[in-house]
Amino acid sequence: MSQSTESDDSSLSSGSQLELPPLRTKARGLADLFGHLTPPDDVDDEGIITKCITQLKSTVDDHEDRMRSLEHHYASSPNEIATDVPTASSFERLQKEVEGLDEVVNERDIRVSEAVEDIGNIKAEVEGLQDFMENGNIVTDEHLREILPTLVTKTDLKTDLEELRLATKTDLEELRLATKADLKELKTDLEGLRLEIRAAQNYRASRFFDEVQSLPIIRDRDGVKRIEYIPTPLRQVKHYWNLHNQEHASELVRCLEFYLFIDTWPFKALDEADDFDHVDVDLLGPLLHTVPTSWEEAVKLSPRRSVYLLFGALGLRYDHFSEQYAKMKALGTQRQSATKSKALESQPAIREKKRGKNLSSGSTTEPFTA
Numbered sequence: 004m005s006q007s008t009e010s011d012d013s014s015l016s017s018g019s020q021l022e023l024p025p026l027r028t029k030a031r032g033l034a035d036l037f038g039h040l041t042p043p044d045d046v047d048d049e050g051i052i053t054k055c056i057t058q059l060k061s062t063v064d065d066h067e068d069r070m071r072s073l074e075h076h077y078a079s080s081p082n083e084i085a086t087d088v089p090t091a092s093s094f095e096r097l098q099k100e101v102e103g104l105d106e107v108v109n110e111r112d113i114r115v116s117e118a119v120e121d122i123g124n125i126k127a128e129v130e131g132l133q134d135f136m137e138n139g140n141i142v143t144d145e146h147l148r149e150i151l152p153t154l155v156t157k158t159d160l161k162t163d164l165e166e167l168r169l170a171t172k173t174d175l176e177e178l179r180l181a182t183k184a185d186l187k188e189l190k191t192d193l194e195g196l197r198l199e200i201r202a203a204q205n206y207r208a209s210r211f212f213d214e215v216q217s218l219p220i221i222r223d224r225d226g227v228k229r230i231e232y233i234p235t236p237l238r239q240v241k242h243y244w245n246l247h248n249q250e251h252a253s254e255l256v257r258c259l260e261f262y263l264f265i266d267t268w269p270f271k272a273l274d275e276a277d278d279f280d281h282v283d284v285d286l287l288g289p290l291l292h293t294v295p296t297s298w299e300e301a302v303k304l305s306p307r308r309s310v311y312l313l314f315g316a317l318g319l320r321y322d323h324f325s326e327q328y329a330k331m332k333a334l335g336t337q338r339q340s341a342t343k344s345k346a347l348e349s350q351p352a353i354r355e356k357k358r359g360k361n362l363s364s365g366s367t368t369e370p371f372t373a
C-alpha cells in the first residue's frame with residue numbers, strides 16, 4: 004500500500020482510536036468467523052481480510068451454480084398426466100393430491116426466488132466491499148456491522164436448498180407412486196364396470212340369434228388383481244346353447260374352466276344341496292349322486308347342468324331360452340304331426356306303418372342347431 008494510504012491509515016487510527024478497533028482486531032474477527040486459526044502478529048492484516056472475502060465470494064458463486072442446476076432440474080422435469088378416466092370420487096382425491104403438490108411447488112418457487120435474491124444481495128455487498136478495499140480504503144467496524152450479519156444469517160443457504168430439493172423430490176416420488184396405485188385400482192374398477200355392462204347386455208338377449216359378449220375375469224391372487232380374457236370371438240346365443248351336444252364337449256369344458264371353479268357345481272351330492280332355493284331343480288333334472296372332480300367329468304355327467312352354469316357366468320337367462328327352445332320344439336312337433344297327418348290321409352295304405360315308426364322314435368332333447 005502507498006505511503007499516502009499509510010499516512011491516511013495513521014491519521015484515521017490516531018483520530019478514531021477510541022471509536023474503531025485496530026485493523027488487527029478486525030482481521031482476527033474475520034479469521035475466526037471463517038474458521039481460520041488466529042493469525043500471527045507478523046501476518047498482513049489486509050491479506051487476511053482479502054482471503055476471507057475471497058473465500059466468501061467463492062462460496063456465493065458456488066451457491067449460484069447450485070441454484071442454476073436446481074432450476075434447470077425442475078424446469079426439465081416431466082409432468083405425467085393420467086390417461087385413464089377415473090370415477091368422480093377418485094378424480095376428486097387425485098385432484099386434491101395434485102393441489103397439494105402445487106402448494107409444495109409454489110412454496111419451493113418462493114423459497115428459490117428468495118434465495119436467488121439473497122445471493123444477489125450478498126454478491127453485491129461482497130463486490131462493493133472488495134471495490135472499497137481495492138480503492139485503498141480502510142474497512143471499519145461500520146462496514147463490518149453492515150455486511151457480516153447478512154453473511155452470517157445466510158450461511159445455512161446451501162443446507163436449506165439441499166433440504167428443499169430432497170423434500171420436493173420425495174414428495175414427487177410419493178405422489179407418483181400413490182397416483183400410479185390409484186390409477187391401477189381405477190383401471191381394475193373400470194374393467195369391472197365394463198364386465199357388469201357386458202353382463203347386463205347379455206342378460207337382455209332374448210333370441211337365439213342375439214349376440215353374446217365374452218366377459219373378462221378379474222382374478223385376485225395374493226392381493227394382486229389381474230384381468231384375464233378368454234380368446235373367444237363374438238358368438239350368438241345358439242352357439243352356447245348347442246354346447247348341450249356332446250360333440251362340443253371340449254368347447255364347453257374350455258369355457259367352464261375359464262369362468263368357473265369346479266366347486267361351483269350345483270348339488271354335488273344330496274347332502275350338499277344348499278342352493279335348493281336358488282336353482283330350478285325341475286329345470287336341471289334330478290340330483291346326481293356322483294360328485295365330479297373335473298369339468299370333463301361334469302360335462303359327461305350332465306351337459307345340461309354344465310351349460311346352465313356357463314349361461315349364468317355369461318349373464319344369460321338359461322330358463323328363458325329353455326322355455327323358448329321348448330316352445331320351438333313343440334311348434335316343430337306340431338308341424339311334423341300336421342304334415343304326417345296330411346300324408347297319411349293322402350296315403351291310407353301306409354298309415355299304419357308310419358304310426359309304428361313314430362311310436363318307436365320317442366321324444367328327444369336334441370340341442371338347437373338351426
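Heads up: the sequence shown runs through residues 4 to 373, numbered per our numbering.
Even for Gly, the Cβ is constructed at its ideal location relative to N, Cα and C.
If residue i sits next to residue j, beta carbons under 8 angstroms apart, how far is it from one beta carbon to the other, in whole angstroms?
| i | j | result |
| --- | --- | --- |
| V240 | R210 | 7 angstroms |
| I265 | W298 | 6 angstroms |
| T296 | L304 | About 11 angstroms separates the two Cβ atoms, so there is no contact after all. |
| F261 | I220 | 7 angstroms |
If you run the structure through DSSP and keep just helix, strand and coil, what is residue i?
| i | result |
| --- | --- |
| R207 | coil |
| R69 | helix |
| I220 | strand |
| R168 | helix |
| R320 | coil |
| I230 | strand |
| V302 | helix |
| V215 | strand |
| L198 | helix |
| V129 | helix |
| L313 | helix |
| T293 | coil |
| L237 | coil |
| N138 | coil |
| D64 | helix |
| D112 | helix |
| D225 | coil |
| P81 | Only weak support is given to the placement of P81: the predicted model assigns it a pLDDT of 47, under 50, and the question is left unresolved by the model. |
| K54 | helix |
Is residue j closer than 8 angstroms to residue i when the C-beta atoms are compared?
| i | j | result |
| --- | --- | --- |
| A203 | G315 | no |
| V215 | L255 | no |
| L312 | L263 | yes |
| R307 | H247 | yes |
| V129 | I56 | yes |
| V302 | A252 | yes |
Buried or exposed: where does residue i fall if 16 or more other Cβ atoms within 10 Å of its Cβ makes it buried?
| i | result |
| --- | --- |
| P234 | exposed |
| A181 | exposed |
| Y232 | exposed |
| N205 | buried |
| A346 | exposed |
| A171 | Checking the displayed sequence, the identity of residue 171 turns out to be Thr instead of Ala. Burial call: buried. |
| I125 | buried |
| F324 | buried |
| E169 | It should be pointed out that residue 169 corresponds to Leu in this sequence rather than to Glu. Looking at its Cβ environment, which holds fewer than 16 other Cβ atoms inside 10 Å, L169 is exposed. |
| L259 | buried |
| I84 | Note that I84 scores 41 on pLDDT, short of 50, meaning its location in the model is unreliable and no value can be drawn from it. |
Comparing the C-beta of residue i with each C-beta of chain B, is any distance below 8 angstroms?
| i | result |
| --- | --- |
| E199 | Considering every chain present, this structure includes no chain B. It has just one protein chain. |
- Identify every run of the alpha helix (DSSP H) within the region 239-273, keeping only runs that are complete inside it and at least 4 residues long; order them along the chain. 240-244, 252-262
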